[in-house]
Amino acid sequence: MAPSENDIAIVGFAQLPPERRTNLTESDLVLRSTREVIAQVGIDKSEIGFTVSGSCDYLSGQGFSFVQNTDAYGMVPAINESHVEMDGAWAMYEAYVRLLQGDIDIAMAVGVGKNSNSDPSTLFTVEFDPYYLTPLGTDTWTLAALQARALIDSGKATERDFAEVVVRNRANAKSNPFAQVKGDYSVDELLAADYVRNPLRRHDLPPTTDQAAAVILARGKRAYDLCERPAWITGIDHRIEAHLPTVRKDITTSVSTRLAAEAAGAGKGPIDVAEIHAPFSFQELILRESLGLDGSTEVNPSGGALAAHSVMTVGLIRVGEAANQIIKNGKNRALAHTTSGPCLQQNLVCVLEGDQ
Amino acid sequence: MADTVQEFVFNLTFPFSRTLGSTLSTFSSALAQGQIIGVRTGGRVIAPPLEYDPDTAADSGTDWVCVGPKGTVSSWTWVPEPTNLHPLDHAFGFAFITLDGADTPMIHVVDAGSESAMSAGMRVEARFKDPADCVGRIDDIIAFVPASDPSPSEGAGEPFEAPAENEITEMDAFCDLQYVDNASPTTLMWAKALMEGRLIGQKCPQCARTIVGPRGMCSVCAIELDESHIVEVPGRGVVSNFTVVTPTPYPGQTETEPFARCSILLDGADAVIAQQEILEVPVSELRVGIHVEVVWAPENERSAADIDNRSRGSGGDIIVGWRTTGEPDEPADRYLDRMM
Chain A
1 MAPSENDIAI VGFAQLPPER RTNLTESDLV LRSTREVIAQ VGIDKSEIGF
51 TVSGSCDYLS GQGFSFVQNT DAYGMVPAIN ESHVEMDGAW AMYEAYVRLL
101 QGDIDIAMAV GVGKNSNSDP STLFTVEFDP YYLTPLGTDT WTLAALQARA
151 LIDSGKATER DFAEVVVRNR ANAKSNPFAQ VKGDYSVDEL LAADYVRNPL
201 RRHDLPPTTD QAAAVILARG KRAYDLCERP AWITGIDHRI EAHLPTVRKD
251 ITTSVSTRLA AEAAGAGKGP IDVAEIHAPF SFQELILRES LGLDGSTEVN
301 PSGGALAAHS VMTVGLIRVG EAANQIIKNG KNRALAHTTS GPCLQQNLVC
351 VLEGDQ
Chain B
1001 MADTVQEFVF NLTFPFSRTL GSTLSTFSSA LAQGQIIGVR TGGRVIAPPL
1051 EYDPDTAADS GTDWVCVGPK GTVSSWTWVP EPTNLHPLDH AFGFAFITLD
1101 GADTPMIHVV DAGSESAMSA GMRVEARFKD PADCVGRIDD IIAFVPASDP
1151 SPSEGAGEPF EAPAENEITE MDAFCDLQYV DNASPTTLMW AKALMEGRLI
1201 GQKCPQCART IVGPRGMCSV CAIELDESHI VEVPGRGVVS NFTVVTPTPY
1251 PGQTETEPFA RCSILLDGAD AVIAQQEILE VPVSELRVGI HVEVVWAPEN
1301 ERSAADIDNR SRGSGGDIIV GWRTTGEPDE PADRYLDRMM
């Protein structure tokens, strides 16, 4: 394929091993992940025209923590830099849009989350509606459980189906060197556990992970200098639904995912592999349906978000894993999905293709 | 000497006042009187009300509707072990509750006694706080409880006449989160040196800059630095920059008079030690170029409790401050255009 100037590809991806508890700082994690991806594509950092990170002050418990993290870029002389208070997948989206301006050829996007400093059952109360939800201590597990119960009551799935998602992802994760939770489990053994939030058990919840990841994107012909088989971004889209899950017409489906997939052109051809970000097991069932995936697509060969879930990094890892399916595994067409907000409120879909 | 600290507990607590805007002011003022309301917009009654129609983004208007106090559970979950942020201290449910007269559910607490009492379709009713304690916040409703009488709520669906002016236009909120950070290897090196009365930096093998205190990286070259790059730096240097802070009162602020925070370029270092206090020099007499030397806390009074990953070269309580040495000032323009 002779790429046009507006074709943009992922040419490198590095992730650090996920840890339940690291003793490094976010800045340390950013340094190690960006050093690795820069070395992988074989450039000097001065060749990067734009650097953007995704992280969250509330996770680190420190105002302007992302400013400290920029130490890891080596900003002398000054660099062109940005930050999103979102997962690194959205940083990647910004890098993609920045490259479309046409004046630079290489961009780097980073996601970092040291999640172990806080308690997920309390931290995310500040993410939700401050008038109607936060004063009640409404937590992220509770909102997911309310969606899961609705899914069961709709007749679309059972708790056994949830456990099957977990069994499959943990088994897939065994071959992923970057998985934190993996192994052989049986559905019956998982279903014997107590509820954390009925109908969700511990295994239905995302693990707590400290991790960072980085990707390098390149524009047009420059991509071939850095990567033998670039993963071209042929479609990317981000859709958002109402922040209060109760005003959505049907929370057992994800309208925003369906619209994002359509806009990203997911249905224009067969998808070999999909990396889906389902923080909670049952959400994979909703997402498969809303993405329009059939049995011909391999879903989450990495073990997905249930294998490691560093908030602010997990979405970028979906993008990187999908890209590696093209860069390293010779697949033709891959889909990456990531989500944010309560009950799959926001969804980003990215379609990646290799040269045929 | 106390050991350096491995973990730091950090409580992020602050009060916050939110202005409510016209829609939420109407809701809150009614709630404080024991009346729950919704708004009719786009052909449905949304309760609690939103300022906009979620389907069209149109202003949802002022077609207020009385809803509840009874309603029907459509989805539910159970919290077996409440956190400090939950409103009840015993196991309870959360539920989607469609109040009588409303078309959309609200999320609230159900104090049902046991998990087995919860089900879709169960009828519940709001249990309010004592009227004197109601402030118009969503937790004026302590919880919903199983309805003693499942019949429809009286007056639900009828129009609500909002007063010309709402009594409640603001809401007090309080953030209370706890973090437990662990000391990074770099932080531990810095804390240990301070406890021993030593100042250290890391010298980058690539650009030869010495950064004080250590960051575990060269922030110019973007490479990792470790224990092998540690160098001792003297407790003497020159004020390279300063700012005078006029304290404004806020929760937790203990300063009342203007105070200065200074950057000091230590002899032989290439990056300043920041946020330092110069002792016994009035704020009005501070200037760039003064020679200073470090003043350590007495050895038996040193504590590394404040030397965490955020301190980034700060001396905590181990460095009392810096005093002038009396040497003639360096020319101030020598310190212009420094970026660190």
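Protein chains in written order, with the numbering used here: chain A, 1 to 356; chain B, 1001 to 1340. We treat Cβ as the ideally placed atom computed from N, Cα and C, and that holds for glycine.
Any C-beta of chain A sitting closer than 8 Å to the C-beta of residue i?
i         : result
B/Val1009 : no
B/Ser1116 : no
B/Asn1182 : yes
B/Gln1033 : no
B/Pro1185 : yes
B/Met1217 : yes
B/Ala1002 : With a pLDDT of 45 at B/Ala1002, under the threshold of 50, the modelled position of this residue cannot be trusted; read the value that follows with caution. No, because no Cβ of chain A sits closer than 8 Å to the Cβ of B/Ala1002.
B/Pro1048 : yes
B/Gly1321 : no
B/Ala1173 : yes
B/Leu1012 : yes
B/Arg1018 : yes
For residue i, go through chain B and note every residue whose CB falls closer than 7 Å to its CB, in chain order.
i        : result
A/Gln62  : Arg1310
A/Ala150 : Ser1075
A/Thr125 : Leu1085
A/Ala242 : Pro1054
A/Asn198 : Thr1077, Trp1078 and Glu1115
A/Thr246 : Phe1096, Thr1104, Pro1105, Met1106 and Ile1107
Measuring only between beta-carbons, confirm whether residue i sits less than 8 Å from chain B.
i        : result
A/Leu146 : yes
A/Thr142 : yes
A/Ser82  : no
A/Leu24  : yes
A/Gly12  : no
A/Gly137 : yes
A/Leu31  : yes
A/Leu16  : no
A/Pro279 : no
A/Ala91  : no
A/Val110 : no
A/Asp7   : no
A/Leu133 : yes
A/Asp71  : yes
Taking the beta carbon of residue i as the centre, do at least 16 other beta carbons fall within 10 Å, making it buried, or is it exposed?
i         : result
B/Asp1063 : exposed
A/Pro17   : exposed
A/Ala78   : exposed
B/Phe1027 : buried
B/His1090 : exposed
A/Arg170  : buried
A/Phe50   : buried
B/Phe1014 : exposed
B/Gln1371 : This structure cannot settle anything about residue 1371 of chain B, because the visible part of chain B is limited to 1001 through 1340.
B/Ala1002 : Here the model assigns B/Ala1002 a pLDDT of 45, short of 50, so the residue's position is not dependable, and the following value carries that caveat. B/Ala1002 should be labelled exposed.
A/Asn347  : buried
A/Asn198  : buried
A/Lys328  : exposed
B/Phe1259 : exposed
B/Val1239 : buried
B/Thr1019 : exposed
A/Pro279  : buried
B/Leu1279 : exposed
For a contact meaning CB atoms closer than 8 Å, what does residue i contact in chain B?
i        : result
A/Arg258 : Chain B residues near A/Arg258: none, gap ~16 Å exceeds 8 Å.
A/Lys45  : Ala1222
So with CB distances below 7 Å, who are the chain A contacts of residue i?
i         : result
B/Leu1266 : The premise fails here: B/Leu1266 is roughly 19 Å from chain A at the closest Cβ pair, so nothing lies under 7 Å.
Sort out for me which residues DSSP pairs residue i with in a bridge.
i         : result
A/Ala14   : A/Ala214
B/Gly1071 : B/Leu1099 and B/Val1124
A/Lys156  : Partner(s): none; A/Lys156 has no beta bridge.
A/Ser340  : A/Gln346
Return yes when the Cβ of residue j is within less than 8 Å of the Cβ of residue i, no when it is not.
i         : j         : result
A/Ser281  : A/Val165  : yes
A/Ala307  : A/Val273  : no
B/Asn1182 : B/Glu1007 : yes
B/Phe1315 : B/Leu1194 : Reading the sequence as shown, one finds Gly at residue 1315 of chain B and not Phe. Cβ distance < 8 Å, so B/Gly1315 and B/Leu1194 count as in contact.
B/Ile1200 : B/Ile1230 : yes
B/Gly1121 : B/Thr1072 : yes
A/Gly137  : A/Thr125  : yes
Examine chain E for any beta-carbon lying closer than 8 Å to the beta-carbon of residue i, and answer yes or no.
i         : result
B/Arg1137 : Structure shown: chain E not included; protein chains present are A and B.
Check the Cβ of residue i against every Cβ in chain B and list those closer than 9 Å, keeping chain order.
i        : result
A/Thr209 : Going along chain B, no residue has its Cβ under 9 Å from A/Thr209, so there is no contact; the nearest lies around 15 Å.
A/Asp153 : Ser1074, Ser1075 and Ala1120
Name the chain A residues that come within less than 8 Å of residue i, Cβ to Cβ?
i         : result
B/Gln1178 : Ser118, Asp119 and Thr122
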